[in-house]
Each structure stands twice: as C-alpha cells, then as structure tokens.
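Please read the structure below before turning to the comments.
Protein chains: 2
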Amino acid sequence: MPYRLLIVEDSPELLEAVSDFFLEEGAGLWEVVTASDGNDALAKATGGSFDLMILDIMLPGASGFDICKAVRRKDDCPVIFITALGSENSILKGYETGCDDYLVKPFSTRHLYAKSLALLKRAKGGQVSEEIRCGDITLNKKTMLVKVKDREIQINSREYFLLLFLIENKGSVLTRKSILEHVWGDDLDVNDRVVDNTIRRLRESLAEAAGQVKTVIGRGYRISED
Amino acid sequence: MPYRLLIVEDSPELLEAVSDFFLEEGAGLWEVVTASDGNDALAKATGGSFDLMILDIMLPGASGFDICKAVRRKDDCPVIFITALGSENSILKGYETGCDDYLVKPFSTRHLYAKSLALLKRAKGGQVSEEIRCGDITLNKKTMLVKVKDREIQINSREYFLLLFLIENKGSVLTRKSILEHVWGDDLDVNDRVVDNTIRRLRESLAEAAGQVKTVIGRGYRISED
DNA sequence: AACGATATGTCGTCAGTATGTCATGAGATA
DNA sequence: TATCTCATGACATACTGACGACATATCGTT
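Protein chains in written order, with the numbering used here: chain A, 814 to 1039; chain B, 814 to 1039.
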C-alpha cells in the first residue's frame, strides 16, 4: 500500500531527479507517476486517485493551477506547487486555488521530500508508515516489522533498535560507545560485549542478509547495502 | 545531497577564495552559489532554499542585513555575516536581524569554514557528514570510511587515525614525536619505529595514492595533494 | 503465585587480525 | 667512505571479535 504521488514538471532532468529521490529515499513508500505536459497531467490527475501531487506551474498545455482546480472539484489531495523565480503574485494565486505548500526553484530535493512527508502525515492524520530500506532489509518504523527480501522475519526488541540505529546511520561506522548510548541509553552499567552478542543474534535473525552487517575491526560496526 | 551555501561578497578575490576553500575542503559536501551585489543576492536568497548563508554587510544594492531580513521571513537558515568595520554597532544590528555568527575582516578562511560547519551541525541536529579530501584521498570523519579516487578502501584502525592526523595537518611536516603523541596517545612505551611501520602499512592500503605520503628525511612525514 | 518461554546480559575460549619489534639493506648526507 | 635515516620483510605477541554455554530477567499464561 504505497502512497500514490503525481509529479508534473516539464524539465526532464528535474522530473527524473525528484522522482528518483522519492523512490530512493522512500524505498517502497511511494508509487510515482510522472507527467511533463499539462494535458497529460490533467488526464492522469483526474483519472487516478493520488495521495499527493507536486505540480510545476508553468507547463505546456494546461497550467499547474488548472490541474489543481480540476482535482479540487473531486477530492482534496494535498498539492505542492513548484514555481520558477519567486513572483509573489503567482504564489498568492496558488494559495487561492488551494495549494498546501510551495517551493521556489531552485530548491533542494531533500527539502521537497520533507515537505511532502509532512503534508502527507497531516493529511493522513499521522498515519504514514515510514519504511526504511537497506539492501535486502526493510524496516517499518510504524509497524516495527522487519523484512528480508519481502519475507517477514522474527526479531526481538533489542535487536530491532540496534538494527534501526544501524539503518538510520547506514554507511557510517558506529562505535560500541555510540551504539551503547543510543540503543541501551541510560542502562550504562553493561559490558561492552553485549553489543557483540546482540550483533551476533541480529545476524542470526537476519539470515541471508547477515552479511550486510559489517564488522570494522578496532572501530565498530556498520550496515551496508550488500 | 550536498548542502546548499550562498556566499555574498562584492570583492571578487575574496569571493573566489572563500568559495574555493569550501569546494576544496568540503569535497562534495557543499553546493556553492555566489552573488556579488545586493539585488542579485536578494533574488537568489529568496529564490533558492539554502542550508547556510555567508553575507557581506556592505554591498552595492541591498545590504547584507536586508538579505537576512528577507530570508528570515521565509525560513530560518543559519546566517554568518562578514563585516569590514568592527564597529560594535553594526555587529549588534546583525544580531538583531538574527544572524547566527559574524566575522570581522580580515579573517582566516579556515576559521570561517569551522564556524560554518559548527552552525550547520547545530541546524541539522548533528547530522552533518564531514568529508576531508587531500588529493585522491577522501576521508569521512562521520562514516570513518576512506576512499581513493572514489573507490572505498579497507584500512585498519591505527592506519585510519594516522591518516586522519596527517590529513588534518596536511602540508605540515609531522615529527614522529608528535605523531606518537596524537595517534598513540598514552601508550607511550613504544618504539619510534612503529610510526615507520604504520606509515608503510598505510601506504600499502592507499595503493595508487601511496605517493601522497611523503617522507621528510630527518624530520618526519607529511601528506600532500599529489 | 507458579510455571514455562523468551529475551537479554555475562563469561571463557579460540581464531584471525592488528600491531609492535627486530634485522637487514638501500639510499641519502656529510 | 662513513654514517645516518628510512623501507622492507619476517616474526612474535597482543588484541579483538565470533561463538557457545550459561545465568538472570522479563513476560505471559494458567
């Protein structure tokens, strides 16, 4: 049940960059539909039901405003406008049509992503499931379930929070000290070796994906995509 | 996902020097946008979304304060002011407008860089990845990973901290004594020759980039850009 | 409360790796 | 040439992390 996202933008590079970012970062959270001209966008927007739309204003064919208005007649899917150099007028017009947020080019894709997530969360009443993926491992922060290659696996609490910490910092080497601080918190009257052992048990639980948890001798552990 | 940085400064030499320093030192960490007059800066500052701004106060067109005020209406990106006149008045005015730090000319570029990183780290909640580059070698202090020509290399703990010490003092010749003190710390009951040996092993690990680790006969070692 | 099941921390051992030491020789320096 | 400095290879040892086995702690069920 990924969220359906429509991105409308006439610059192919930007369209691809944004689309890729959502697919990469969201890892299964989004189903992305794209359009690069107004008429195509209008057809898709009124045809399918989307959870979020990102619309460029200046488009060949219908404008972003037209698309927004057409959609608003049907339902109230959240809309983010993208606009080239910030004339306040067109932004105001955007708010009249009922957009929920806007960004002025050039913008940071990460920023756009953050806004999208926030908007979606508000629209769904905080019910957005946030899945994080790392290679074959998928961790769902909301349901607290972990999958390896789409097969759900059994994992206990300590292992879960350790895995979460690893994945949230994927790529980075995490020292035992920082792992203890973040995963064990105040219960700091524990032996360093618990980390080793929990890592070991985590690897057992992860089965085929065990290899993704790398040991960096003398420094700590890290998780990688393969 | 580099951090977007806007630098506004009307002296072309200084503008280039600062911009270059960030690009060199940061190695992919920054995406730098520059402007040399107030109006251009105002357009860019309000147009794009930046993670950090460095603003000169005295500018043709709008002043640094104007730019800061305009930005603060939209979001709260951290701002560092550069000012020629060290008069307390204009500095105070800077803080009223809501700048996060300031520097009085002439200043050291390295100093500015350090302030920028600190500010960015605070704004992002400590999530800034710090990459340091030296020639073909890239060392990431956060992930503790080392790359040679964008290829990740295997490196052990002692070699890692030795390389870090070399790179943080790139250009300088480091004596065995100072290397021992910084990399080995308290374990000072070791032979001087461990340094030689660790340097040797480091060179092996660095492969093609081995040549960047220079021997300075009679004095010690240093790392260079080529 | 009593019981069992599971989760979690601790310990000892072992193998692999990292690291320190030494001997030797090449090259620089005087 | 004599001497000093560093590079290199070989070796010894210390260290680190993996693993198995065990001890508690926690939790749910009866």
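Beta carbons are placed, not taken as given, at the ideal position from N, Cα and C, and that holds for glycine.
Nearest-angstrom Cα distance between residue i and residue j?
{"i": "L818 (chain A)", "j": "L975 (chain A)", "result": "32 Å"}
{"i": "F834 (chain B)", "j": "G861 (chain B)", "result": "22 Å"}
{"i": "K983 (chain B)", "j": "A1023 (chain B)", "result": "15 Å"}
{"i": "L827 (chain B)", "j": "A875 (chain B)", "result": "19 Å"}
{"i": "P825 (chain B)", "j": "C881 (chain B)", "result": "21 Å"}
{"i": "L993 (chain B)", "j": "S929 (chain A)", "result": "51 Å"}
{"i": "V845 (chain B)", "j": "L865 (chain B)", "result": "10 Å"}
{"i": "N953 (chain A)", "j": "V1029 (chain B)", "result": "54 Å"}
{"i": "E838 (chain B)", "j": "E829 (chain B)", "result": "14 Å"}
{"i": "L836 (chain A)", "j": "A927 (chain A)", "result": "14 Å"}
{"i": "P919 (chain B)", "j": "A936 (chain A)", "result": "51 Å"}
{"i": "R885 (chain A)", "j": "L916 (chain B)", "result": "50 Å"}
{"i": "L842 (chain B)", "j": "G998 (chain A)", "result": "31 Å"}
{"i": "D889 (chain A)", "j": "R1016 (chain A)", "result": "45 Å"}
List the residues of chain A that residue i touches, going by C-beta distances under 8 Å, in chain order.
{"i": "N969 (chain B)", "result": "I1030, G1031"}
Short check: CB of residue i to CB of residue j, under 7 Å?
{"i": "L932 (chain A)", "j": "P891 (chain A)", "result": "yes"}
{"i": "P873 (chain B)", "j": "D850 (chain B)", "result": "yes"}
{"i": "F978 (chain A)", "j": "V996 (chain A)", "result": "yes"}
{"i": "T847 (chain B)", "j": "I870 (chain B)", "result": "no"}
{"i": "R1014 (chain B)", "j": "V986 (chain B)", "result": "no"}
{"i": "R964 (chain A)", "j": "T1011 (chain A)", "result": "no"}
{"i": "G877 (chain A)", "j": "F863 (chain A)", "result": "no"}
CB-CB under 8 Å to residue i, same chain, minus the five flanking residues each way: which ones, in chain order?
{"i": "V831 (chain A)", "result": "I820, E822, I867, T922, L925"}
{"i": "A1020 (chain A)", "result": "V961, I966"}
{"i": "S991 (chain A)", "result": "G1033"}
{"i": "N852 (chain A)", "result": "G874, A875"}
{"i": "D879 (chain A)", "result": "G851, L855"}
Measure how close the beta-carbons of residue i and residue j come, nearest whole angstrom, since I'm counting them as under 8 Å.
{"i": "V959 (chain B)", "j": "I945 (chain B)", "result": "Incorrect: roughly 10 Å between the Cβ atoms, too far for contact."}
{"i": "C947 (chain A)", "j": "I968 (chain A)", "result": "That pair is no contact at about 14 Å."}
{"i": "V1008 (chain A)", "j": "R989 (chain A)", "result": "5 Å"}
{"i": "K1027 (chain A)", "j": "S1018 (chain A)", "result": "The Cβ separation is near 16 Å, so there is no contact."}
{"i": "D1039 (chain B)", "j": "Q1025 (chain B)", "result": "7 Å"}
List, in order along the chain, the chain A residues whose C-beta lies closer than 9 Å to that of residue i?
{"i": "K882 (chain B)", "result": "Within chain A, no residue comes near K882 (chain B); the closest Cβ sits about 16 Å away, beyond 9 Å."}
{"i": "S929 (chain B)", "result": "The premise fails here: S929 (chain B) is roughly 17 Å from chain A at the closest Cβ pair, so nothing lies under 9 Å."}
Can you pull the chain B residues whose beta carbon is under 9 Å from the beta carbon of residue i, in chain order?
{"i": "S985 (chain A)", "result": "S942, N953, K955, T956, M957, L958"}
Apart from the five residues on each side of it in sequence, which residues of its chain come closer than 7 Å, Cβ to Cβ, to residue i?
{"i": "A883 (chain A)", "result": "L855, A858, T859"}
{"i": "M957 (chain A)", "result": "Y973"}
{"i": "D914 (chain A)", "result": "I893, K928, L932"}
Taking Cβ-Cβ distances shorter than 7 Å, what residues in chain B pair up with residue i?
{"i": "H924 (chain A)", "result": "S862"}
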